[in-house]
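Asker:
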Amino acid sequence: MPRIGVFVCWCGSNIGGVIDCPKLAADAGELPGVVLSTEYKYMCSEPGQNSIIQAIRDHRLDRVVVASCSPRLHEETFRKTLARAGLNPYLFEMANIREHCTWVHNKEPEKAQVKSLALVSRAVAKANLLEPLFPSSIPMTKRCLVIGGGIAGIQAALDVADAGHEVILVEKEPTIGGNMVKLDKTFPTLDCSACISTPKMVSVSTHPNITLYTYSEVAGVDGYIGNFEVTIRRKASYVDHSECTGCGDCQTKCPTKVPSEFNLGLSTRKAIYIPFPQAVPNKPVIDAANCRYFTTGKCKVCQKICTTEAIDYEQQDTVITEKVGAIVVATGYQLFDWAAAYGEYGYGRYPDVVTGMHFERLVNAAGPTGGKIQRPSDQSEPKTVVFIKCVGSRDPAKGKEYCSRACCMYTAKHAHQVLEKIPGANVYIFYIDVRTPGKGYEEFYQRTISDGAVYVRGRVSKIYQMGDKLVVRGSDTLLGRPVEVEADMVVLASAMVSSSGIQDVARMVSVQVDKDGWLQEAHPKLRPVETHTGGVFVAGSCQGPKDIPDTVAQASAAAAKVCGLLSREELATDPMISTVNQAICTGCGLCVPACPYQAVELKTITERIPGHAPRERTVADVNSGLCQGCGACNVACRPGAMQVKGFTNDELVAEVDAICL
Amino acid sequence: MHINLTAVAKANAGFLERVKAASGQDVAQCYQCGKCTAGCPVGYAMDEPPTRIMRLLQLSLKDEVLNSNAIWLCSTCATCTTRCPKDIDIAGVMDSLRIMAKREGRIKAVRSIDLFNDVFLGSVRKYGRVHELGVGMGHNLRTYKPFKDADIGTGLMLKGRMKLLPSKIKGQGEIARIFNEVRKLEEAE
């Protein structure tokens, strides 16, 4: 018979202020298997933990139940307490009488008292059946894959590589740099975005620990924490980058012009192109869909001009595999397709209604206009510029429910730039709230107002063309009056949404995508860069909209987590995972598709029964490196062969019985 | 009707700068928290309470501001100024707006307040201090309500709180100089 100790925590007045803790402890003392039941003000405190250790020794306890807060908060704490007392840490069960009881029933203490006892009874019933569990270990491949070469991926790759680990950085575009390198200046300090990001790009390409695969995509991820096997598809660039010197002659002579993706269509590029002069690697690729040779079979101008004979029209996509121990997903964001949703803003019909990213290119000294702010329609300098915030953000009807976080600040920066570059310009900013939570942000916003920007609180309901003006109709909700502005140019702060390929990446690395399309972190506050899949981390705006400072901070955080992981020789696995009782497994295989982590496989075993010939049989097998202990296989299993350790069927039934009977 | 901000900005170009020059205050700094209106003792009677006056100024809606009764009802108690988190001297702005409104002859809505100011200053100019009975009666006569507050006046006089005849202060010459200086300043503008 187990010897269970029950420890009721007051949590100050959180629990003690609602229910009678000494009475609960006394009642719990009557439960089967309980040899000691006591209470204390703060069980998680040092003296509280010490009292548990003392009680384990004095009363020879072999199971411990703590009735306090959520196991999310303190299960780990108390498991360590048990370990310190020399007990297996998994001989512990927690009853959550705070979040599940006193917090929600603080107006009805009598009922809370009854419910608390029920919750403790459940924990005691389970504690009676607990078995000691032991973590196993898996080897660690000390290499890291970073998916995405924007500022988040660059920062994470550099940090991990600087710590001495090998990094493989995969970027789908022909150059790394992502969105940041397209920006002009960065708020609130107005330092030049390219000036601070291109040196980092160069560091990536020259770092001895970093292998850079641009124009490449991750095609598949197998394996588990510490032992991933990644398939990478390298798209054919039709240029042998080992021969190419990056002289750019091919780009000059190429006869085909297409809209430049890097300049968002505000300028053209050639069919063989380097996206922008500071691209890394600074070598061209051929856009086969638009190349004259590939479409008509005639041309080959680039091949004729190339002195190093680097052009190779026969090049094919190649597939390579890499083994890594950790993965950082840093796939970033793209802008919400406002033109598809906002008819009232012209569905993209008016050329002078542009997005903030277009404006970044227009105001950028390295951009298509050389930094002159010009209307796309007639290249004239706009005198009145209207900015509209929350286009697609905070708009559950047409766009996204969430706030995109960076737009208030970049709009303030844009307004500042208009007022600085165009003398006598009028700037109107339509907003519904101005949000500036960041160091020096509010001050920057106030400075923009001092510069002369007029903020108008209200959403714009319509934009229409009148002559060469765009009439912007909105409302000043502070005044309670409708207003209109005759603008030369309108800039929309369109929402940030996750990159288009995010679903594929998420599926490959087995990470959930939340309702808004962002990757789901393991815990919003306490595990912000980890995911529910071991060894997979998130960095930057693939996890949610953020600005550059937050992105870089998160990337470094992810890198720190990766380094922590890669610093180990082998890895202890959570013992609370599925296990197969192969004696009763029928090999039906229902558990295999039920597993979201591809952790269950069928295998053949040879059974030897005395008096019979050896017999081959198919049974399920759990990969302890992949299994996350979710229990899906347990539910699917008909003979009850699949059991999650720490959550066995017997334990669960005992818990239900304790509460319901 | 929509207020056409472009047209307003064009028509009233320079208005905000003049307010800024006259009051020394940058009304663009107001972030519309409403604390001035919340504490204003006469705000309940204003057509455009202080917060809205600030907003109208930010959009250069000159007519709405200068034709409002608010700038005249403001008693310059400066509660708003004391409490403003952006350190804007709202009472000072109101003062500047009154001066602008008076110069432009925009006093129809609040003729009696303007008259009171005239009668009050007339008394100060004449005696160096206010002769309450004279100011009260002067204002009553010019607003065609000769017996307004007559009952209170009798009581005050009987208790010796209000004098029947005016008395002059010493230094009449200095008072005259102050008024002359002010006139010179105004003419210079």
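Protein chains in written order, with my numbering: chain Z, 1160 to 1820; chain E, 76 to 264. Cβ atoms here follow ideal geometry from the backbone N, Cα and C, with glycine treated the same way.
Mind pulling the chain E residues with CB within less than 9 Å of P1641(Z)?
Answerer: The sequence position of residue 1641(Z) within the first sequence is 482, counting from 1. Those within 9 Å of P1641(Z) in chain E are M76, H77 and I78.
Asker: List, in chain order, every chain Z residue whose beta-carbon is nearer than 8 Å to that of R130(E).
Answerer: Within the second sequence, the letter at position 55 stands for residue 130(E). Here the neighbours are D1635, L1637 and L1638.
Asker: Using beta-carbon positions only, say whether L190(E) and H214(E) come within less than 8 Å of one another.
Answerer: Here residue 190(E) corresponds to residue number 115 of the second sequence, with the count starting at 1. Here residue 214(E) corresponds to residue number 139 of the second sequence, with the count starting at 1. For L190(E) and H214(E), yes; Cβs fall inside 8 Å.
Asker: Quick check on P1434(Z): buried or exposed, where buried means 16 or more other Cβ atoms within 10 Å of its Cβ?
Answerer: In the first sequence, counting from the first residue as 1, residue 1434(Z) sits at position 275. Burial call: buried.
Asker: Give the straight-line distance between the Cα atoms of Q1662(Z) and W1677(Z), rounded to the nearest whole angstrom.
Answerer: By 1-based counting over the first sequence, the position of residue 1662(Z) is 503. By 1-based counting over the first sequence, the position of residue 1677(Z) is 518. C-alpha separation (whole angstroms): 9 Å.
Asker: Let me check one thing: in DSSP terms, what residues is D1496(Z) bridge-paired to?
Answerer: Translated into positions along the first sequence, residue 1496(Z) becomes position 337. Its beta-bridge partners do not exist; DSSP assigns none.
Asker: Residues of chain Z with CB under 7 Å from Q133(E), in chain order?
Answerer: Indexing the second sequence from 1 puts residue 133(E) at position 58. Neighbours of Q133(E) on chain Z, chain order: V1613.
Asker: If contacts are defined as beta-carbon pairs under 8 Å, then E1872(Z) and K1301(Z) qualify, I think. What distance do you get, rounded to the angstrom?
Answerer: Past the boundaries of the shown model lies residue 1872(Z); chain Z is included only from 1160 to 1820, so the question cannot be answered.
Asker: Who pairs with S1227(Z) in a beta bridge, going by DSSP?
Answerer: Taking the first residue of the first sequence as position 1, residue 1227(Z) is located at position 68. The partner list for S1227(Z) (beta bridge, DSSP) reads N1255(Z).
Asker: Given a cut-off of 8 Å, decide if A1791(Z) and A1753(Z) are closer than it, judged by their beta-carbon atoms.
Answerer: Walking along the first sequence from the start, residue 1753(Z) turns up at place 594. Walking along the first sequence from the start, residue 1791(Z) turns up at place 632. Yes; because the gap between Cβ atoms is below 8 Å, this pair is in contact.
Asker: Alpha carbon to alpha carbon, how far is L1232(Z) from K1684(Z)? Give it in angstroms, no decimals.
Answerer: The residue labelled residue 1684(Z) in the question sits at position 525 within the first sequence. The residue labelled residue 1232(Z) in the question sits at position 73 within the first sequence. Computed Cα separation, rounded: 12 Å.
Asker: Would you say Q107(E) lies against chain Z (beta-carbon separation less than 8 Å)?
Answerer: Within the second sequence, numbered from 1, the residue matching residue 107(E) stands at position 32. Chain Z contact via Cβ: present.
Asker: Against chain Z, does R200(E) count as a neighbour if the rule is that its beta carbon must be under 8 Å from one of theirs?
Answerer: Along the second sequence, one-based indexing puts residue 200(E) at 125. It does not; no Cβ of chain Z falls within 8 Å.
Asker: Given E123(E), which residues of its chain have a CB within under 6 Å of its CB, disregarding the five upstream and five downstream residues?
Answerer: Position 48 of the second sequence holds residue 123(E). So the qualifying residues of the chain are S143 and A145.
Asker: Would a check of beta-carbon distances place Q267(E) closer than 8 Å to chain Z?
Answerer: Here chain E has residues from 76 to 264 only, and residue 267(E) is not among them.
Asker: Give the single residue among I1486(Z), V1512(Z) and G1491(Z) whose Cα lies nearest to the Cα of W1497(Z).
Answerer: Position 338 of the first sequence, counted from the first residue, corresponds to residue 1497(Z). Comparing Cα-Cα distances from W1497(Z) to each of I1486(Z), V1512(Z) and G1491(Z), the minimum goes to V1512(Z).
Asker: Using 8 Å as the threshold, is the C-beta distance between F1251(Z) and V1487(Z) below it?
Answerer: Residue numbering aside, residue 1251(Z) sits at position 92 when the first sequence is read from its first letter. Residue numbering aside, residue 1487(Z) sits at position 328 when the first sequence is read from its first letter. Taking 8 Å as the Cβ cut-off, F1251(Z) and V1487(Z) do not qualify as a contacting pair.
Asker: Does the distance from the C-beta atom of D1635(Z) to that of G1617(Z) stay below 8 Å?
Answerer: Walking along the first sequence from the start, residue 1635(Z) turns up at place 476. Walking along the first sequence from the start, residue 1617(Z) turns up at place 458. Going by C-beta atoms, D1635(Z) is nearer than 8 Å to G1617(Z).
Asker: Please return the same chain residues whose Cβ sits closer than 7 Å to the Cβ of Q1825(Z), not counting the five positions on each side in sequence.
Answerer: Limits of chain Z in this structure are 1160 at one end and 1820 at the other, which puts residue 1825(Z) out of reach.
Asker: Flag T112(E) as yes if its beta-carbon sits less than 8 Å from any beta-carbon of chain Z, otherwise no.
Answerer: As a first step, residue 112(E) must be located in the second sequence, where it is residue number 37. With 8 Å as the cut-off, T112(E) does not count as an interface residue toward chain Z.
Asker: With DSSP as the reference, label Q1787(Z) as helix, strand or coil.
Answerer: If you number the first sequence from 1, residue 1787(Z) lands on position 628. Residue state, collapsed to three classes: coil.
Asker: Would you mind reading off the limits of the alpha helix (DSSP H) that contains L1317(Z)?
Answerer: Working through the first sequence from its first residue, we reach residue 1317(Z) at position 158. Element bounds for L1317(Z): I1310 to D1321.
Asker: Using a threshold of 8 Å, state whether the C-beta atoms of S1364(Z) and V1329(Z) are closer than that.
Answerer: For the purposes of this step, residue 1364(Z) is taken as the residue at position 205 of the first sequence. For the purposes of this step, residue 1329(Z) is taken as the residue at position 170 of the first sequence. Contact: no.
Asker: Within the 8 Å Cβ cut-off, does S1620(Z) reach chain E?
Answerer: The count along the first sequence starts at 1 and reaches residue 1620(Z) at position 461. S1620(Z) does not count as touching chain E.
Asker: Based on the DSSP output, what are the partners of I1445(Z) in its beta bridges?
Answerer: Here residue 1445(Z) corresponds to residue number 286 of the first sequence, with the count starting at 1. DSSP output for I1445(Z) lists I1431(Z) as bridge partner(s).
Asker: Tell me whether the beta-carbon of V102(E) lies closer than 8 Å to the beta-carbon of M129(E).
Answerer: Residue mapping note: residue 102(E) aligns to position 27 of the second sequence, counting from 1. Residue mapping note: residue 129(E) aligns to position 54 of the second sequence, counting from 1. Taking 8 Å as the Cβ cut-off, V102(E) and M129(E) qualify as a contacting pair.
Asker: Do L1246(Z) and H1218(Z) count as a contact pair if the criterion is CB distance below 8 Å?
Answerer: Translated into positions along the first sequence, residue 1218(Z) becomes position 59. Translated into positions along the first sequence, residue 1246(Z) becomes position 87. No, the pair does not count as a contact, with Cβ atoms beyond the cut-off.
Asker: Is there at least one Cβ from chain E nearer than 8 Å to V1644(Z)'s Cβ?
Answerer: Mapped onto the first sequence, residue 1644(Z) falls at position 485. V1644(Z) counts as touching chain E.
Asker: Does R1451(Z) come out as helix, strand or coil in the three-state DSSP assignment?
Answerer: Here residue 1451(Z) corresponds to residue number 292 of the first sequence, with the count starting at 1. Here R1451(Z) sits in helix by DSSP.
Asker: Does any residue of chain Z have a CB that is nearer than 8 Å to the CB of A84(E)?
Answerer: Locating residue 84(E) in the second sequence gives position 9, counting from the first residue. Yes, A84(E) counts as interfacial toward chain Z.
Asker: Please name the residue, chosen from I1212(Z), I1174(Z), S1172(Z) and E1760(Z), that lies closest to G1164(Z) on a Cα-to-Cα basis.
Answerer: Looking up residue 1164(Z) in the first sequence gives position 5. Among I1212(Z), I1174(Z), S1172(Z) and E1760(Z), the Cα nearest to that of G1164(Z) is on I1212(Z).
Asker: Check R1618(Z) in the structure and name its three-state DSSP category.
Answerer: Taking the first sequence and counting its residues from 1, the one referred to as residue 1618(Z) is at position 459. Coil, per DSSP.
Asker: How would you list, in chain order, the residues of chain E whose beta-carbon sits under 7 Å from the beta-carbon of Y1374(Z)?
Answerer: Here residue 1374(Z) refers to the residue found at position 215 of the first sequence. Residues of chain E passing the Cβ test: none, with the nearest at roughly 47 Å.
Asker: Can a CB atom of chain E be found closer than 8 Å to the CB of Y1504(Z)?
Answerer: Here residue 1504(Z) refers to the residue found at position 345 of the first sequence. Not closer than 8 Å to any Cβ of chain E, the Cβ of Y1504(Z) fails to qualify, so no.
Asker: Against R1632(Z), what residues of chain E qualify as contacts under a CB-to-CB distance less than 7 Å, listed in chain order?
Answerer: Mapped onto the first sequence, residue 1632(Z) falls at position 473. H77, listed in chain order.
Asker: Look at the alpha carbon of S98(E) and the alpha carbon of V1417(Z), and state the distance between them as a whole number of angstroms.
Answerer: As a working mapping, residue 98(E) is identified with position 23 in the second sequence. As a working mapping, residue 1417(Z) is identified with position 258 in the first sequence. C-alpha separation (whole angstroms): 57 Å.
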